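Participant: Residue numbering for the sequence shown follows the numbering used here, starting at 6 and increasing by one per position. Below is a structure I'd like to ask you about.
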Amino acid sequence: MAVISPVSVSNIVQSNAPSALDIFSFDIVQDTSGHVIIRIIIPSQIIDVLFESAAHTQQKQIKAPGFDFGQAPIEFLKNNYQNSLIEHLKEFLFKYCVINIVYRIIRHNALVIAGEPRIASIHLMPGCDAIFNLECTTIDDITINEWRYLPFKAPKRKNYKDLDRQVEHFIAEETELCNAKKHLGIQENDWVALSIERTQSDGTPLIAGFAQLFWLQISDEQVDNPLRDLLQDQKVGFIGITQNKGLQDYFSEQLATDYWYKIIVLDHLPYAYFCLEQFRQHFKIKTKKELLKKCIEVFSYRNDISQRRATVEECLKLLIGKHYFEVPSFVKTRFQEKILLSIHNSPDYNVYRTQKEFTSLIQDLAEKAAKESIFVDALAYHEQIQVTPEDVSYYLNFTKRGRTKEFIYFEPPIHMVEGQATLIAQEELIRYCLREKALNYVIYHLTKE
């Protein structure tokens, strides 16, 4: 096994982050079986601060033998409850910063991986650097050939005048909604970008430069939701110092915590209207005629498939057909499991499952999905496509309406806690956004006249 690139992680976090994160480091270790281990090293100074904080939060909740409730000495807790505290810190660090870091490493080093990174091992002890080892299956044999001049004919729209009227109505309706509701604060179903940082009760950072970025779609479930309650009606720029239960539950399922967090609302995408200005910026649309033509793509259907979807499918079929590569069988199995999980709750699931070709269809779909995501990643890196914060907003804008969702081929990851959508690490979201931007790049070049 060989170490590829031990470097400072300062180029992995936000460029405006304070320098404390500069002491994070990582290396990428590759073996001969198509796997790499991304080793993320978190220095002992950070581990000791977090371990001390975890012990203090447990002190308030534990009735230790020989001590009154909440009165056990910190050193006693650190010695006698060490295993529980260590397991808690593994979970906390993975969710809080390791997810963001590992996806940034993958992107920054242009690693084409099949599926998602998986935890191989975690070594964490007080007084020592923590090491998170994440295993990835790499696909190294994809050479991107010249593709811009491949013969491609985009599927045509249906020439129903009613489609034009539907699009004009959609544009007029969303414009009116935007004018009426664009000044509203955060509401249900809105997307919100957050900076989240561990602090003391007075807002002083627990560790300088440890803020992490996440996205959240505000819940519309008719049940208690502490994060929704905290953010409701707030606007971009809102800053709160909080012990919000939603944050405690997300970052620590194993132990009850009462950590203080500083949150800052960095961006807000209202669900109340589809932002046509972002739509124009995303596709570089300059005229009303171009706007109508682009919208038609998700209003024109043939055989229950939109013109946009058919265009993407045909583009990917053409390109993947010109680039041969194999997908490991265990990767296909993981994609099968993902597909089965997504359709399991469908009312027609049992009907599908009884069809004799069901298993082979799922296998074909899994191989197709695996090849598409792998190839688009390789293409994005080859073309050096970059994702900006605006690109993420444009991408999520499409999720607001059933029609506009057709502009998304690689859907954003949605994480659930107790049945409710919760925080998504920004770097994980950027991975999907990069794929979508690469698709648009391909379609633009293959269809331009």
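All residues carry an ideal CB built from backbone N, CA and C; glycine is no exception. These numbers were taken from a predicted model, which means no experiment stands behind them.
Skipping 5 residues on each side, what residues in its chain have a beta carbon closer than 8 Å to that of L168?
Facilitator: Hits under 8 Å: R162, I301, F304 and S305.
Participant: At which residues does the beta strand (DSSP E) containing I164 begin and terminate?
Facilitator: First, the amino acid is wrong: residue 164 is Asn here, not Ile. Segment: none, N164 is in no beta strand (DSSP E) and carries neither H nor E.
Participant: From K466 to G132, what distance separates their C-alpha atoms?
Facilitator: Nothing in the structure corresponds to residue 466, since the chain is present only between 6 and 454.
Participant: I need the boundaries of the beta strand (DSSP E) containing R406, first residue and last residue.
Facilitator: No beta strand (DSSP E) holds R406; DSSP gives it neither H nor E.
Participant: I need the DSSP call for T143, collapsed to helix, strand or coil.
Facilitator: If DSSP states are grouped into helix, strand and coil, T143 belongs with the strands.
Participant: When burial is assigned at 16 or more other CB atoms within 10 Å of the CB, is Q341 buried or exposed?
Facilitator: Under this definition Q341 is a buried residue.
Participant: What does DSSP give as the partner residues of Y266 in its beta bridges?
Facilitator: Partner(s): R203 and T247.
Participant: For R436, count neighbouring C-beta atoms within 10 Å of its own C-beta (all shown protein chains included) and say buried if the count is 16 or more, exposed if not.
Facilitator: Label assigned to R436: buried.
Participant: Go through its chain and collect everything with a Cβ distance to F330's Cβ below 8 Å, but skip five positions before and after it.
Facilitator: Within the same chain, F330 has close Cβ partners I144, D146, I147, K376, I379 and F380.
Participant: Using a 10 Å radius around the Cβ and a threshold of 16 neighbouring Cβ atoms, would you call L451 buried or exposed?
Facilitator: So L451 ends up on the buried side.
Participant: Specify, as a first and last residue, the run of the beta strand (DSSP E) that V41 falls within.
Facilitator: Counting along the chain, the beta strand (DSSP E) containing V41 begins and ends at H40 to I47.
Participant: Do you know how far the Cα of I310 is from the Cα of C102?
Facilitator: Distance between the alpha carbons of C102 and I310 is about 39 Å.
Participant: Within the continuous alpha helix (DSSP H) that includes A125, where are the two ends?
Facilitator: That residue, A125, is in no alpha helix (DSSP H); its beta strand (DSSP E) goes I118 to H128.
Participant: Taking DSSP's pairing of strands, which residues face I136 in a bridge?
Facilitator: According to DSSP, which records beta bridges pairwise, I136 is partnered with I46 and H128.
Participant: Quick one: grab the DSSP three-state call for R307.
Facilitator: Correct three-state label for R307: strand.
Participant: Can you tell me the Cα-Cα spacing of Q50 and Q217, whole angstroms?
Facilitator: Using only the alpha carbons, I get a separation of about 18 Å.
Participant: Report the option in V332, S334, P352 and D369 whose CA atom is closest to the CA atom of I344.
Facilitator: Nearest option by C-alpha distance: D369.
Participant: Would you say Y108 and E433 are within 7 Å of each other, going by their C-beta atoms?
Facilitator: It is a contact, given that the beta carbons lie within the stated cut-off.
Participant: Three or more C-beta pairs closer than 8 Å, one from the region 56-67 and one from the region 82-91: is that the case here?
Facilitator: Short answer: they touch.
Participant: Just to confirm before moving on: does the CB-CB distance between A298 and F288 stay below 7 Å?
Facilitator: For the sequence presented, residue 298 should be read as Lys rather than Ala. It is not a contact, given that the beta carbons lie outside the stated cut-off.
Participant: Does the pairing of the region 232-247 with the region 188-199 give three or more beta-carbon distances under 8 Å?
Facilitator: Short answer: they touch.
Participant: Taking the alpha-carbon of A383 as reference, which of E181, Q205 and I325 has the nearest alpha-carbon?
Facilitator: Among E181, Q205 and I325, the Cα nearest to that of A383 is on I325.
Participant: Which residues in the same chain as I244 place their Cβ atom closer than 6 Å to its Cβ, once the five residues preceding and following it in sequence are excluded?
Facilitator: For I244, where only same-chain residues beyond five positions count, the Cβ hits under 6 Å are I269.
Participant: Among R358, R408 and S30, which residue has its Cα nearest to the Cα of V172?
Facilitator: Per the Cα distances, R408.
Participant: Assign E151 to one of two classes, buried (16 or more other C-beta atoms within 10 Å of its C-beta) or exposed (fewer than that).
Facilitator: The residue is exposed, with fewer than 16 neighbouring Cβ atoms inside 10 Å.
Participant: If you draw a straight line from the alpha carbon of Y399 to that of W196, how long is it in whole angstroms?
Facilitator: Their Cα atoms are separated by approximately 11 Å.
Participant: In terms of residues, what are the limits of the beta strand (DSSP E) holding S30?
Facilitator: Counting along the chain, the beta strand (DSSP E) containing S30 begins and ends at S30 to Q35.
Participant: Between V397, V332 and A277, which lies nearest to E178 when the distance is taken from Cα to Cα?
Facilitator: The residue with the shortest Cα to Cα distance from E178 is A277.
Participant: Report buried or exposed for D263, applying the criterion of at least 16 other Cβ atoms within 10 angstroms of its Cβ.
Facilitator: Exposed is the call here.
Participant: Tell me whether the beta-carbon of A315 lies closer than 7 Å to the beta-carbon of P160.
Facilitator: Their beta carbons are under 7 Å apart, which means A315 touches P160 by this criterion.
Participant: Can you look up V332 in the DSSP assignment and give me helix, strand or coil?
Facilitator: Reduced to three states, the DSSP call for V332 is coil.
Participant: Starting from L235 and walking both ways along the alpha helix (DSSP H), at which residues does that stretch end?
Facilitator: Segment P231 to L236, the alpha helix (DSSP H) holding L235.
Participant: Q425 by DSSP, collapsed to three states: which one?
Facilitator: The answer is strand: DSSP assigns Q425 an E or B state.
Participant: From N184 to L90, what distance separates their C-alpha atoms?
Facilitator: Approximately 51 Å, taken between the alpha carbons.
Participant: Look at F284 and L428 and say whether their C-beta atoms are less than 7 Å apart.
Facilitator: Not in contact: F284 and L428 (Cβ atoms no closer than 7 Å).
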